[in-house]
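S.K.: Handing you this structure, nothing more for now.
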Amino acid sequence: MKKRTARIYYISAILVLLSVLLFMFIKTFNDNLLFYRSPSQITNAEFPENYVFRVGGVVLDGSLIKSKNTMNVKFTITDYERNLDISYTGILPDLFREGQGVVIRGKLASDGIFYAEEVLAKHDETYMPPEVLESLKIDETTLQKTTESMKVYK
Amino acid sequence: MIAYIGSFLILLAFLNALLLITSKPILSKITADYESIILSSSKLLFPLTLFSFICLIFSFLLDDFSLRYVSSNSNSLLPDHYKISATWAGHEGSMLLWCLVLSFWTFLASIYSRNLELDFRLNFLTIMGLLNLGFLAFLIFTSNPFEKNISIPVDGKDLNPLLQDFGLIVHPPMLYMGYVGLSVVFSFAVTCLLQKDFKPEWAKWIRPWALISWSFLTLGIALGSWWAYYELGWGGWWFWDPVENASFMPWLITTALIHSLITCEQKSMFKNWTILLSIIAFSLSLLGTFLVRSGILTSVHSFANDPARGAFILLFLAIITGAALILYLRNSSQMNDKTSFTFFSKESFFLINNILLVTATFTILLGTMYPLVLDIFGLEKISVGVPYYNAVFLPLMIPLVFLAGYIPILFSSSNRNLKSQAKYFFISFLIIIIISFFSISLFDEYNLSIFIGLFLFFWILLNLVYELIKKIILTGNIKAITQNIGMFMAHLGLAIFILGATMVENSKTEKEIVVAVNEKLDIKNYTFQFMNITESEGPNYTAVIGHFKVYNNGEFLTDMYPEKRLYNSSEMPMTEAGIDPGFTRDLYITMGTLIDQDKWSVRIYHKPLIRLIWIGALMMVFGGIFSVLSKRKNINIGYSS
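Protein sequences appear in the order of chains A and B. Its first residue numbered 69, the first sequence is counted upward by one per residue in my numbering. Its first residue numbered 2, the second sequence is counted upward by one per residue in my numbering.
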């Protein structure tokens, strides 16, 4: 009988430990999920202030403004329905250019500007990140025409 | 013409694989010669695929732009050595490389399986043939590198500049050697399930294959990390990117496997578990291929998206893994597996090793697959941040590494007296705590992570080196240590890797800053002076080159030349980092963008001990190889027992 009670304590201790570990694991996992939104999916007050998430879209032609002294840049991304202004301080990736799809991690401030912590452009000039491509509000052939015309324009 | 020969050879290889897999079930009823058909066709696959691969190389060297694959991955201006490496730079060519490597392993398996039971051997080779058939079908039906262009372009589109590099020449073949080597282990495990038996000698037979695959995987992953470090321009060595995870998961499982195989061999235990690990290891390499090749991930590895390819690999993965697992569920219980063992034994520690490694793999799998699953069901687009991996993976690794520094000693020594063992344990623990505590003052940063990293480094290093010296002195013979030299090297490599990774992650300095010509910058005890910018012409690009003079404590040290390139045919810009490598630290500069007249944004990094990451990985590779070599003499497998 005594041996059995000991075993019950033993097993329940392990179970408690395991559930604590599991809880911590799930919490860590949840805390580190980064959601993705396209400009037109961003609604007010979906995320708390200073919440980090990712946005994506095409860099609007002619929107890039570079500072003359610092690494600060401002540009606008679009999903061809709504635009979103981005502010970023740092070195932009090599393949960042107007008309190109980008994915950006950062925070939306109350002034409506998205402050970027990281800007990702892809490793291939013809390549559009799938999440951006999917969220665009125009079909692929129209997109091809627009980006093509941008190339000629440049 | 060459392309037609290449195409034809691939078709022949496909038919040959078809012959190989039908011999046992069908031909065996017609002719008695089916054995020699299996044996020769399993060897013939390799030359056929090899010559086809050579044909593709020649198509690149001769600028045969009538081939779609050549015209989209090469250019007449591309230097010859990159033309050769471009052969496996895109999707189709790298799948041909995959088939080549698979046929090569099949060839080796066919030769070295001579001393297995005949029936077992034939089944084993048939399963290898089945894998070959699947991948050759994938190549022919969805990714034929010899496909013609509708109209022949004047010149090719050029190879992605990021891939015009030495790292790319060697990284994929090494990684594939590892991925595909696991197919041998997989086929063997499935054959065991078919025969409903797993003899301890078989564990001895399969372990070298697992070890060699593991070594190649380690090398492939290390090369990938090294390449990302100097080529991507961010100076990082690991990003927990899904594509990296895809290669890391099979590595972790294979690590578990090479440990559990020891128990299998010595104690005839963990048989079912080992077979399950073998199946999972290869399934994860197939999963990795699926993730990388289907284009569902965004990375440098996803070239063109073609859903048909993804669907094919996923189907193949489902069939192969599904069939193997069903077979496992049906037959594994019929194998006599001894399960009882005492708590304080090598087996129980190997069990802990395996549990930790499998749990770590699971957490990475979750972080990699969960976003994809949510996306497929259209629920939410998410990604899992790097802090998750660090918070979950590292705590699992600490006890594992701790064991890696002690278990080899515990069970190799002749002294099995528990009391003196415990005494030794506490003394070494205490000494190493003190050593780590004092050595932390050598660095300019103090925190718990550095302390743990240093402790684990000294723990493995001192314990193992002490054991080696003790053995040499006790026996008076250096040869005494050769038996386990591979294990010692691999574990020491792990220690060195940990030291490098800890220091670089906790004590690096990274600056992103705007500098004007002649301006000076101080980082640690280095001063960087931006001298000028010059323009230059490469073979297929134009470049702007920055010139930095570096001073160490005021004394001139070196010149550094980071570049910004623009490739002619693709108009793709590229950053070429300026690196001053060193054993104790790397200095790393990349050019950002022109801010104003003579003003550039630059990244300047100081990375302490980063080289140890790859030196440690290389030691693990050699450890794996030595382990095979030192055991080769006493391998005497077969059906004799």
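All C-beta atoms, glycine included, are put in the ideal place defined by N, C-alpha and C.
#1: Can you give the beta carbon distance from B/LEU469 to B/PHE489, rounded, assuming they're within the 8 Å contact cut?
#2: Roughly how many angstroms separate the alpha carbons of A/GLN168 and B/PRO574, rounded to a whole number?
#3: By the 9 Å beta-carbon criterion, what residues does the stretch 146 to 159 of chain A contribute toward chain B?
#4: Please identify the residue among B/ILE514, B/LEU40, B/TYR562 and B/ILE408 whose C-alpha is closest to the C-alpha of B/THR594.
#5: Excluding the 5 residues preceding and the 5 following B/TYR177 in the sequence, name in chain order all residues of the same chain whose CB lies nearer than 7 Å to its CB.
#6: Tell me the rounded alpha-carbon separation between A/THR96 and B/THR360.
#7: Residues of the stretch 86 to 104 of chain A with a CB closer than 7 Å to any CB of chain B: list them in chain order, please.
#8: What does a CB cutoff of less than 8 Å around B/LEU375 pick up in its chain, not counting 5 residues either side in sequence?
#9: So that I know if they touch, is there some Cβ in chain A lying closer than 9 Å to that of B/ASP65?
#10: DSSP puts A/LEU152 in a beta bridge; with which residues?
#11: Less than 7 Å between C-beta atoms, sequence neighbours within five positions excluded: which residues of the same chain meet that for B/LEU169?
#12: Check each candidate in B/PHE139, B/GLU511 and B/PHE529 and name the one with the smallest Cα separation from B/ASN519.
#13: What residues from the stretch 376 to 403 of chain B come within 7 Å of chain A, judged by C-beta to C-beta, listed N to C?
#14: Can you list, in chain order, the residues of its chain with a C-beta nearer than 6 Å to that of B/LEU12? Leave out the 5 residues immediately preceding and following it.
#15: On the premise that A/ALA189 lies in contact with A/TYR183, defined as a C-beta separation below 8 Å, what is that separation, rounded to the nearest angstrom?
#16: Whose C-beta lies closer than 7 Å to the C-beta of B/LEU335 among residues of the same chain, with five residues either side of it excluded?
#17: Taking only three categories from DSSP, how would you classify B/SER144?
#18: Contact criterion: CB-CB distance below 9 Å. Does B/PRO574 meet it with respect to chain A?
#19: Considering B/GLY547, what are the terminal residues of the beta strand (DSSP E) in which it resides?
#20: How big is the Cα-Cα spacing for A/PHE93 and B/PHE363?
#21: Rounded to a whole number of angstroms, what is the C-alpha to C-alpha distance between B/PHE427 and B/LEU123?
#22: Please return the same chain residues whose Cβ sits closer than 6 Å to the Cβ of B/ALA305, not counting the five positions on each side in sequence.
#23: For A/SER131 and A/ARG150, I'd like the C-alpha separation in whole angstroms.
#24: If you count every other CB in all the chains shown that lies within 10 Å of the CB of A/ASN98, and 16 or more means buried, which is it?
#25: So, for A/LEU101: in the same chain, excluding its five sequence neighbours on each side, which residues have a beta-carbon less than 8 Å away from its beta-carbon?
#26: Going along chain B in order, which residues have a C-beta closer than 9 Å to the C-beta of A/GLU114?
#27: Going along the stretch 61 to 87 of chain B in order, which residues come within less than 8 Å of chain A, judged by CB to CB distance?
#28: Name the residues in the stretch 603 to 636 of chain B whose C-beta lies less than 7 Å from a C-beta of chain A; which are they?
#29: Beta-carbon separation of B/GLY617 and B/GLY494 under 9 Å?
#30: Within the 9 Å Cβ cut-off, does A/THR138 reach chain B?
#31: Do B/SER261 and B/ASN355 have their CB atoms nearer than 9 Å?
#32: Against chain A, which members of the stretch 497 to 521 of chain B pass a CB distance test of less than 7 Å?
#33: In the DSSP output, which residue or residues are listed as bridge partners for B/GLU202?
#34: Going by C-alpha to C-alpha distance, which of B/ILE534, B/VAL393 and B/ILE451 sits closest to B/ILE499?
#35: Label A/TYR77 either buried or exposed according to how many other C-beta atoms from any shown protein chain fall within 10 Å of its C-beta, with 16 as the threshold for buried.
#36: Could you check the C-alpha separation between B/SER111 and B/ALA309 for me, to the nearest Å?
M.R.: Answer, in terms of the structure:
#1: 6 Å
#2: 14 Å
#3: THR157, GLY158 and ILE159
#4: B/ILE514
#5: LEU98, TRP99 and VAL102
#6: 15 Å
#7: PHE93, THR96, PHE97, ASN100, LEU101, LEU102, PHE103 and TYR104
#8: GLU381, LYS382 and ILE383
#9: no
#10: A/ILE145
#11: SER86, ALA90 and TRP228
#12: B/PHE529
#13: GLU381, LYS382, ILE383, SER384, VAL385, GLY386, PRO388, TYR389, ALA392 and VAL393
#14: none
#15: Actually they do not touch by this definition, with Cβ atoms about 18 Å apart.
#16: The sequence shown places Gln at residue 335 of chain B, not Leu. Taken in chain order, the residues that qualify are LYS197.
#17: coil
#18: yes
#19: 542 to 553
#20: 12 Å
#21: 53 Å
#22: Its pLDDT being 49, under 50, B/ALA305 is placed unreliably by the model, and nothing is read from it.
#23: 14 Å
#24: exposed
#25: none
#26: The contacting residues do not exist; A/GLU114 stays about 12 Å from chain B at best.
#27: none
#28: ARG604
#29: yes
#30: yes
#31: yes
#32: GLU513 and VAL515
#33: Note: B/GLU202 sits in no beta bridge, so no partner.
#34: B/ILE451
#35: exposed
#36: 32 Å
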